[in-house]
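2 protein chains.
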Amino acid sequence: MTIHTISPAPQAPAVPTRGKLRPLGLGDVRITGGFWGERQAVNGSNTLDHIGGRLETEGWLPNFDLAASGGLPAGRRGREFSDSEIYKYLEGLAWEIGRTDDVALEQRFRDVVARVAPAQEEDGYLNTMFGRRGQGARWSDLEWGHELYCLGHLFQAAVARERTRPGADDGLLGIARRAADLVCDEFGIEGRDAVCGHAEIEVGLAELARVTGDRRYLAQARLFVERHGRGTLRDIEWGRKYYQDDLPVREATVLRGHAVRANYLSAGAMDVAVDTGDNELQKALRRQWERTVARRTYITGGQGSHHQDEAFGEDWELPPDRAYSETCAGIGSIMFTWRLLLAGADPRHADLIERTLFNVVATSPAPDGRSFYYANTLHQRVPGVEADADGTSPRASSSLRAPWFEVSCCPPNVARTLASLDAYIATADSDGVQLHQYAPSTVRTTLDDGRMVGFDVETEYPANGSVTITHTTDADQPWTLSVRIPSWAAGSSLRIVTADFVQQRPVEPGMVEIRHAFRAGDVVHLELPMAPRVTAPDARIDAVRGCVAIERGPEVLALESTDLGPAGVDDVGLVALAPGAEPIERDGRVWVTVMRVPVVDARWPYGEAVEGADASAAEVPLVPYHEWAERGPSTMRVWIPVAG
Amino acid sequence: MTIHTISPAPQAPAVPTRGKLRPLGLGDVRITGGFWGERQAVNGSNTLDHIGGRLETEGWLPNFDLAASGGLPAGRRGREFSDSEIYKYLEGLAWEIGRTDDVALEQRFRDVVARVAPAQEEDGYLNTMFGRRGQGARWSDLEWGHELYCLGHLFQAAVARERTRPGADDGLLGIARRAADLVCDEFGIEGRDAVCGHAEIEVGLAELARVTGDRRYLAQARLFVERHGRGTLRDIEWGRKYYQDDLPVREATVLRGHAVRANYLSAGAMDVAVDTGDNELQKALRRQWERTVARRTYITGGQGSHHQDEAFGEDWELPPDRAYSETCAGIGSIMFTWRLLLAGADPRHADLIERTLFNVVATSPAPDGRSFYYANTLHQRVPGVEADADGTSPRASSSLRAPWFEVSCCPPNVARTLASLDAYIATADSDGVQLHQYAPSTVRTTLDDGRMVGFDVETEYPANGSVTITHTTDADQPWTLSVRIPSWAAGSSLRIVTADFVQQRPVEPGMVEIRHAFRAGDVVHLELPMAPRVTAPDARIDAVRGCVAIERGPEVLALESTDLGPAGVDDVGLVALAPGAEPIERDGRVWVTVMRVPVVDARWPYGEAVEGADASAAEVPLVPYHEWAERGPSTMRVWIPVAG
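First to last, the sequence lines map onto chains A and B.
In terms of the working numbering, the first sequence is residues 4 to 647.
In terms of the working numbering, the second sequence is residues 4 to 647.
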């Protein structure tokens, strides 16, 4: 465990004070194109613009103007947590400005902060929903009021800004500090023995402590983490586990309850555990991650099986057709998992992040970045109805992406994640650099001993599995470049080409370390096997018994009715994989042989098994899951029954 | 289609003015013991007492006192629909008084009515939640206010009372009529073009029309039925289908949305269709029932796959572990299905009623009749926690029956159903009597031509499949006794023993008609095959692919961890049926051979299928599903995976 003393701090969303790895921020890593670069470009142009527009027209940003002008509560619009969307938007803007120096976005950022600032009260309190005449009293509804949750997002926005524009004169950091000071006064050891019904303040405070050096914020984050599970929140229909108030964090064995809350709390608890050297807490969080990943996570990396409470189900309860797999839960899982990776350097954490990025985060936004999935089902039985481009969906679950939601947490969450994605590509330790995710990118950083090292990454991944790493700096002494071979990539090979030698060797999943005094122009070439894979589920996942999924590289594939002709996925009997037939690649797509198995339409569907007439077999192409429904309403399956 | 002109009207919960069959009420049929008789006894003593007590202590009945004394809204307790529970309780009391002439219950009934009466306003309005200073205005929240829903239950209570105690001087019928007159004024053709967000007023009004002969109520019921599906209610998160306001009843093809609402509406629509001679509407309802039963109904007869909105899922979406299968939805299904049976005489309707009675209605109450399932899951993964005997469960879904719920619709619904169950046993037509359900009972009625016919039924069904029908009247002319052979009872046999002849013959599922001039002492003996059956699901029900259920007679069986030793159903690898092994009966229980298939605990549960080490096989007994968790917290499965 190394204590990090690098200055300036990385421009990254999580900068622990210690850990096996330290993040490389936007100053050190830039994505230069490819799968993620394209999405970042759309995010920077369309998505941030779209969100900014909706925050105005929905009235959620104007709520701040009303707060300053005395127009609350009469004119207030939006749910109790709508302030948080402005803060996530600000965080997204901050990262995007850090990435691109965009002058218009900088102006927009300052304009929004200038409208937020006057809504803050003398003593630092900031929320448009509470505390005024005609509103609920401050902190009077900790179960559902989301006041501390909103502030946590404010702090993350201020942290993003301070890391990308240290000392900027926009005032956001001051706003955050005044609010954080109030929180510490109000909820400190001598104050209210309480937590927020939606975790987020913990990660916000811990990061604010890192940016400001004020350990009081860290102590307060720790207090909040330790107070969870002591039943200070009211029991509700879904039980206190909904907001992780059923068990102390260090006693829990698995994530449970509301999946976003659970992951946000875990991320904040990891920050606390790492920065206070609390190994017992870290161990508890690792244990929870292990069981959650082994028993409560979809093949896409998505989490949350219940629509009702947006929550984890029990172990093995992973229905594809009722998968909630909220986009924000995927993002929360990345936040938590990234902190585990930084602390422990286990490549399985980067594996899950990659899986979740490609199959949850990339699935949510439409190609134009102006509509989104809130929930990410793995099986759609009935095609949806086209959403109104200007409309607001009251429904989180739909077979079509919607431009906005009554609860619209996901769009700005996607925006801030994509805008800061460069910071999840690589890390450093005292001896070198670790490349965790493959994207066209430039990496250039200073090692602990002051040596500058750098390389460029060229790849069309995941279109193919070739990754070329070309060194751009000269080293006199050896250092270690580590590259992650994903867990699915057995049979990968590595080829190193330097002025002095060429070396080729097979490599197995895990981190592969290459120690060498690399010179500019030295090349490390990686070849990951991208043949489609047939994946079977654990026999205890009842909902997909008798099914397999097809994966290719980091992408989960799906069978979409659009490729099946008018009959669709579920309309004519059962569409099932021909047993034993292997998927093949042709014309840039993956094809499988499916059989339409006629099923006798009984008046009562339970009885002796009825054999249908002869099935007909046909080859059909699959789509990457993240592309589903991009061609219009459709039915879809990730898990495909195997015939016979 | 016969128009019924029998007088006095049967003491039964639904008395259509026409139909192929007419109900035989409590005056004609009495259950005398056995499976249902025992439950009726517990219901009459414990359950009605339990409910009456809780209605007091929860404040739901005292709300009416407060209404009269001016103590509303300040002192009001309970949800917006709590009035309805008092009315369902009154209905249950009315049937029980009709069955037993219990003096204490009669006094109780009158006491409750005497407390309800003063809460009614001058113009007939009656609701403790709306219309007073400080409350919402009358009819201001048709989506969620449940005012008309509550009145529907009031009307059903008044109908039950009038049918069992015609002309009683308690005043309930007058209360109902005044309220119904107000509803007709307010919501008539010239009035508000609106429906209630929870159907129930339709069936209440139609039945009130039958009891009073006032066709205005029937016309109003029809108006409400026709107004559904015209979007007069607000769109909500779950869509307008939640309250069946998405499609007109006569255009719909399947039940959808909230399962209780859907069934109550269908029952009311059937009443309207039958009493107005609207064959098109009847046909539409029949079509909806067919598809709902073929594609959206659990093997238990339960309906509703979604916890979130207590609603039907899509076709084939029938997850056992997230089955909602609300007790009230089962009762609603019986109401709807019974009306279809009376109209059309199709024994498949009685089949579904039997299935639902044994596997939903009998499952809900504990043996002591003082705790209940609200939801009826078909797969419990984790044992629950013992409920507090005095507590109120905020949770509808639990692995244990609870004494009361925040939304406590199910206990009084069970009570009124059990108290009126005699009326679902048999029917009559112009030529004879149809015996639909097998229970120890006496049947004695007058045919249309004035002949008195009667018989006693002796049986231990479903413990065994022997049913002995002994005639108690002498007929000079032949009449037809029809007996239902359940759809699962292929291989049944019939033996007729009269003074003149003995006849024995095999009979197939469906209605078997025996035409004879029966003399007292003549015996019809029925032998239904009760060997356990292995039942496979339609291949399109994804959630139970690769599983079978075991049934015996009308009972669905379940595998409960209590019978598996400490390891439970899902704890050690996978418990699966040995392929090809047939269930056997021994010591009064059904046994199956299961294998504990070890499953390798992977850190990531998706990959190549991993074969476990050798499985061990053992015989384990099953329980009737309706008995599950009666021996304490357990895990449980109806659908059992088949190994290999």
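All residues carry an ideal CB built from backbone N, CA and C; glycine is no exception.
Remember, it's a predicted structure, so these values are computed and weren't measured experimentally.
For residue i, report the span of its beta strand (DSSP E) as first-last.
i	result
residue 331 of chain B	Counting along the chain, residue 331 of chain B falls outside any beta strand (DSSP E), though it belongs to the alpha helix (DSSP H) covering 330 to 347.
residue 561 of chain B	558 to 563
residue 37 of chain A	Run containing residue 37 of chain A: none in the beta strand (DSSP E); it sits in the alpha helix (DSSP H), 37 to 45.
residue 174 of chain A	Per DSSP, residue 174 of chain A belongs to no beta strand (DSSP E) and is neither H nor E.
residue 513 of chain B	513 to 519
residue 509 of chain B	505 to 510
residue 594 of chain B	592 to 600
Could you spell out where the alpha helix (DSSP H) holding residue i opens and where it closes?
i	result
residue 551 of chain A	Element bounds for residue 551 of chain A: not the alpha helix (DSSP H) but the beta strand (DSSP E), 550 to 555.
residue 459 of chain A	Residue 459 of chain A -> not in any alpha helix (DSSP H); beta strand (DSSP E) instead, spanning 455 to 462.
residue 123 of chain B	No alpha helix (DSSP H) holds residue 123 of chain B; DSSP gives it neither H nor E.
residue 414 of chain A	413 to 422
residue 65 of chain A	65 to 72
residue 212 of chain A	204 to 215
residue 526 of chain B	Note, residue 526 of chain B: premise wrong, no alpha helix (DSSP H); beta strand (DSSP E) at 526 to 530.
residue 235 of chain B	Premise fails: residue 235 of chain B is in no alpha helix (DSSP H) and is neither H nor E.
Check whether the Cβ atoms of residue i and residue j lie closer than 8 angstroms to each other.
i	j	result
residue 75 of chain A	residue 145 of chain A	no
residue 106 of chain A	residue 166 of chain A	no
residue 80 of chain B	residue 66 of chain B	yes
residue 419 of chain A	residue 91 of chain A	yes
residue 352 of chain A	residue 366 of chain A	no
residue 306 of chain B	residue 262 of chain B	yes
residue 182 of chain B	residue 127 of chain B	yes
residue 232 of chain A	residue 257 of chain A	no
residue 500 of chain B	residue 529 of chain B	no
Helix or strand or just coil, what does DSSP make of residue i?
i	result
residue 113 of chain A	helix
residue 432 of chain A	strand
residue 301 of chain A	coil
residue 575 of chain A	Unreliable placement is indicated for residue 575 of chain A, whose pLDDT of 49 sits below 50; the coordinate value is still reported in the next sentence. In the structure shown, residue 575 of chain A sits in coil (DSSP, three-state: anything other than H, G, I, E or B).
residue 267 of chain B	helix
residue 483 of chain A	strand
residue 444 of chain B	strand
residue 633 of chain B	coil
residue 309 of chain B	coil
residue 159 of chain A	helix
residue 151 of chain A	helix
residue 146 of chain A	coil
residue 386 of chain B	coil
Give the interface partners of residue i over in chain A, defined as CB-CB distance under 8 angstroms, in chain order.
i	result
residue 398 of chain B	240, 241 and 242
residue 296 of chain B	606 and 607
At 8 angstroms on the CB atoms, spell out the chain E contacts of residue i, in chain order.
i	result
residue 577 of chain B	No chain E is part of this structure, whose protein chains are labelled A and B.
List the residues of chain B that residue i touches, going by C-beta distances under 9 angstroms, in chain order.
i	result
residue 385 of chain A	317 and 318
Kindly examine the ligand ZN and report whether one of its heavy atoms sits closer than 7 angstroms to the Cβ of residue i.
i	result
residue 609 of chain B	This structure does not include the ligand ZN; it has no bound ligands of any sort.
Along chain B, in chain order, which residues have C-beta atoms closer than 7 angstroms to that of residue i?
i	result
residue 293 of chain A	606
residue 325 of chain A	322 and 325
List, in chain order, every chain A residue whose beta-carbon is nearer than 7 angstroms to that of residue i.
i	result
residue 644 of chain B	548
residue 302 of chain B	609
Under 8 angstroms between beta-carbons, which chain B residues line up against residue i? List them in chain order, please.
i	result
residue 490 of chain A	607
Which residues, in order along the region 416 to 448 of chain A, keep a beta-carbon less than 7 angstroms from a beta-carbon of chain B?
-> none
Quick one, which residues of the region 306 to 321 of chain A are near chain B if we go by CB-CB under 9 angstroms, in chain order?
-> 308, 309, 310, 311, 312, 316, 317, 318, 319, 320 and 321
Of the residues that make up the region 223 to 255 of chain A, which ones have a beta carbon closer than 9 angstroms to any beta carbon in chain B?
-> 238, 239, 240, 241 and 242
Compile a chain-ordered list of the residues in the region 335 to 350 of chain A whose CB is closer than 9 angstroms to at least one CB of chain B.
-> none
When Cβ atoms are compared, which residues of the region 521 to 543 of chain B fall closer than 7 angstroms to chain A?
-> 538, 539, 540, 541, 542 and 543
Could you list the residues in the region 581 to 610 of chain B with a C-beta less than 8 angstroms from some C-beta on chain A, going in chain order?
-> 600, 602, 604, 605, 606, 607, 608, 609 and 610
Report the residues of the region 541 to 561 of chain B with a CB closer than 9 angstroms to any CB of chain A, ordered along the chain.
-> 541, 542, 543, 544, 545, 546, 547, 548, 549, 550, 551, 552 and 554
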